[in-house]
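As structure tokens, the structure follows; a few thoughts come after it.
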Amino acid sequence: MAIQYTAIDFLTKLSQSNYTYTNAYRKKVNESNKDVEALQVDVAGLKKTVKDLGKSSKGLTLNSGLENLKIYYKKTAVESKGEASKTRFGKQLKTLVKTFNSLNKNAEKVPDKELEKQLEKLENLFDKNEKDLKKIGLKKKDGKYVFDSEVFEEADNKVINRLMEGKDSFIKQTEKIMRKIETRLEDLQYNIVDRNMMRTTKYDNDEITLASSFALAKETTNILGLCGSLMEEGALPEEFKEEVTEDLGLFVTAYNNADKYESEDFNTLKTLCEEKETELAKVGISFVEDAEGKKTMHYDAKDFDDPDFQNAYVNLFGKDSDFVKNIADCCNKGFNNTLTPEKVGVSIVDVYV
Numbered sequence: 061m062a063i064q065y066t067a068i069d070f071l072t073k074l075s076q077s078n079y080t081y082t083n084a085y086r087k088k089v090n091e092s093n094k095d096v097e098a099l100q101v102d103v104a105g106l107k108k109t110v111k112d113l114g115k116s117s118k119g120l121t122l123n124s125g126l127e128n129l130k131i132y133y134k135k136t137a138v139e140s141k142g143e144a145s146k147t148r149f150g151k152q153l154k155t156l157v158k159t160f161n162s163l164n165k166n167a168e169k170v171p172d173k174e175l176e177k178q179l180e181k182l183e184n185l186f187d188k189n190e191k192d193l194k195k196i197g198l199k200k201k202d203g204k205y206v207f208d209s210e211v212f213e214e215a216d217n218k219v220i221n222r223l224m225e226g227k228d229s230f231i232k233q234t235e236k237i238m239r240k241i242e243t244r245l246e247d248l249q250y251n252i253v254d255r256n257m258m259r260t261t262k263y264d265n266d267e268i269t270l271a272s273s274f275a276l277a278k279e280t281t282n283i284l285g286l287c288g289s290l291m292e293e294g295a296l297p298e299e300f301k302e303e304v305t306e307d308l309g310l311f312v313t314a315y316n317n318a319d320k321y322e323s324e325d326f327n328t329l330k331t332l333c334e335e336k337e338t339e340l341a342k343v344g345i346s347f348v349e350d351a352e353g354k355k356t357m358h359y360d361a362k363d364f365d366d367p368d369f370q371n372a373y374v375n376l377f378g379k380d381s382d383f384v385k386n387i388a389d390c391c392n393k394g395f396n397n398t399l400t401p402e403k404v405g406v407s408i409v410d411v412y413v
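Per this note's numbering, the sequence shown starts with residue 61, numbered consecutively.
Take a look at the structure:
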């Protein structure tokens with residue numbers, strides 16, 4: 061909800077803070093989901109491990125074949141090579157278990173139906189291959205997978221091949237599911253969230269001067285309008301005459317200050333005044349043209365008892381005056397266009413609610 065100020069109060073507020081205004085606002089921003097990012101680390105690790113297992117299993121298959129082709133290799137060399145491949149494969153299985161358990165744990169922090177669906181498929185895949193996984197040292201204990209290195213040492217290469225080789229093998233199906241999980245996490249990585257933000261807007265001297273001129277022109281015109289209604293009724297107190305004289309002079313000052321800047325709203329104000337040039341002259345406001353052809357306003361106080369003054373004043377500022385209304389509307393627009401208060405969460409009002 062916008063904060064309400066009158067034009068004068070808003071200018072006062074700005075003058076007290078070096079022509080700056082700081083406001084709070086809500087903004088929709090893209091923020092990374094830390095839980096998703098943690099899960100992405102697990103997924104990346106599991107994908108790499110699965111890929112490495114696939115490569116290592118090919119080494120085990122090769123070494124198994126070499127044992128039957130000792131004509132090409134010495135037996136000790138074959139055995140040494142096979143042991144190295146199996147040791148590497150065992151380490152990768154251990155990493156697989158660790159990463160898989162971490163994945164399931166971190167996934168609980170990311171509620172998403174599609175993600176849950178893929179994780180369920182992954183869990184079912186492990187359950188489906190439970191017997192073979194046990195034979196290579198992977199078994200479930202207390203809801204988590206553990207790796208038994210002793211069982212693995214006795215594992216048959218045929219079981220390993222069954223799990224790791226072929227497009228429908230355990231490892232290939234795992235890769236397929238992990239790709240889907242990875243894609244889904246990319247969609248979930250960033251959330252659009254509402255955040256409380258602070259913004260400081262700096263206004264320059266020209267903006268403040270122009271806005272102040274519009275505010276002053278409006279305030280003086282409104283006061284002149286109130287006095288005009290009293291004069292029209294023949295009830296203008298004597299002490300108000302000094303107020304009228306002062307405000308006519310202030311209106312001229314505001315007009316000339318605004319005339320120093322390029323402004324479509326001032327051009328409208330200028331047109332409104334020039335259309336009433338004859339009557340304005342009768343209340344003491346005239347346009348004087350300088351040597352360069354530029355018109356400026358001047359004010360010379362007139363006799364309040366002069367009938368021409370009274371008639372012109374009532375015509376300009378009397379009850380329900382279009383001139384007063386049009387000047388006020390023009391100045392409101394000029395003030396708002398200059399300072400754009402709505403952009404800093406401010407609503408300019410005539411009277412506080």
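Cβ coordinates follow ideal geometry from the N, Cα and C atoms, glycine included.
Treat the numbers as computed from the prediction; the structure is a model and nothing was measured.
Contact check, residue i vs residue j, beta carbons under 8 Å
{"i": "GLU235", "j": "VAL110", "result": "yes"}
{"i": "ALA277", "j": "ILE387", "result": "yes"}
{"i": "VAL206", "j": "VAL157", "result": "yes"}
{"i": "LEU99", "j": "ASN166", "result": "yes"}
{"i": "GLU91", "j": "VAL304", "result": "no"}
{"i": "TYR263", "j": "LEU376", "result": "no"}
{"i": "TYR286", "j": "TYR359", "result": "Just to set this straight, residue 286 is Leu in the shown sequence, not Tyr. No, these two residues do not count as a Cβ contact at 8 Å."}
{"i": "GLY5", "j": "ASP350", "result": "Residue 5 lies beyond the stretch modelled for the chain, which goes from 61 to 413, so this question has no answer here."}
{"i": "GLU174", "j": "ARG239", "result": "no"}
{"i": "PHE186", "j": "ILE196", "result": "no"}
{"i": "GLU292", "j": "LYS379", "result": "yes"}
{"i": "ASN161", "j": "LYS200", "result": "no"}
{"i": "LEU270", "j": "SER323", "result": "yes"}
{"i": "GLU242", "j": "LYS107", "result": "yes"}
{"i": "LYS362", "j": "VAL343", "result": "yes"}
{"i": "ASN336", "j": "PHE369", "result": "The sequence as given places Lys at residue 336; Asn does not occur at that position. No. Outside cutoff."}
Assigned exposure category for residue i - 16 Cβ within 10 Å defines buried
{"i": "THR331", "result": "exposed"}
{"i": "ASN189", "result": "buried"}
{"i": "LYS177", "result": "exposed"}
{"i": "TYR412", "result": "exposed"}
{"i": "THR260", "result": "exposed"}
{"i": "SER273", "result": "buried"}
{"i": "THR338", "result": "exposed"}
{"i": "PRO401", "result": "buried"}
{"i": "ARG255", "result": "exposed"}
{"i": "TYR373", "result": "buried"}
{"i": "SER75", "result": "exposed"}
{"i": "GLY294", "result": "exposed"}
{"i": "ALA62", "result": "exposed"}
{"i": "SER145", "result": "buried"}
{"i": "GLY125", "result": "Legend: pLDDT at GLY125 = 34, less than 50; position of this residue unreliable, value from coordinates given subsequently. It counts as exposed."}
{"i": "SER381", "result": "buried"}
{"i": "VAL89", "result": "exposed"}
{"i": "THR136", "result": "Note on THR136: pLDDT 38, under 50, position unreliable in the model; the coordinate value appears next. By the 10 Å Cβ count, THR136 comes out exposed."}
{"i": "TYR81", "result": "buried"}
{"i": "GLY226", "result": "exposed"}
{"i": "CYS224", "result": "This sequence places Met at residue 224; Cys is not what is there. It is buried - the Cβ of MET224 has at least 16 other Cβ atoms within 10 Å."}
{"i": "VAL96", "result": "buried"}
Residue i - partner residues in DSSP beta bridges
{"i": "LYS199", "result": "VAL206"}
{"i": "ALA277", "result": "Answer is none; ALA277 lacks a bridge partner."}
{"i": "ASN83", "result": "ARG259"}
{"i": "GLU91", "result": "ASN251"}
{"i": "GLN64", "result": "SER407"}
Rounded Cβ spacing between residue i and residue j (contact assumed at less than 8 Å)
{"i": "THR66", "j": "VAL409", "result": "6 Å"}
{"i": "LEU198", "j": "LEU153", "result": "6 Å"}
{"i": "TYR85", "j": "GLY405", "result": "6 Å"}
{"i": "ASN392", "j": "LEU248", "result": "About 48 Å separates the two Cβ atoms, so there is no contact after all."}
{"i": "ALA314", "j": "THR280", "result": "7 Å"}
Neighbour flag for residue i against chain D, beta carbons, 8 Å
{"i": "THR280", "result": "The question asks about chain D, but that chain is absent: this structure has only one protein chain."}
Taking the runs of the beta strand (DSSP E) that are 3 residues or longer, which of them lie wholly in the region 342-411?
-> With a minimum length of 3 residues, the continuous beta strand (DSSP E) runs that stay inside the region 342-411 are 345-349, 355-359, 406-408.
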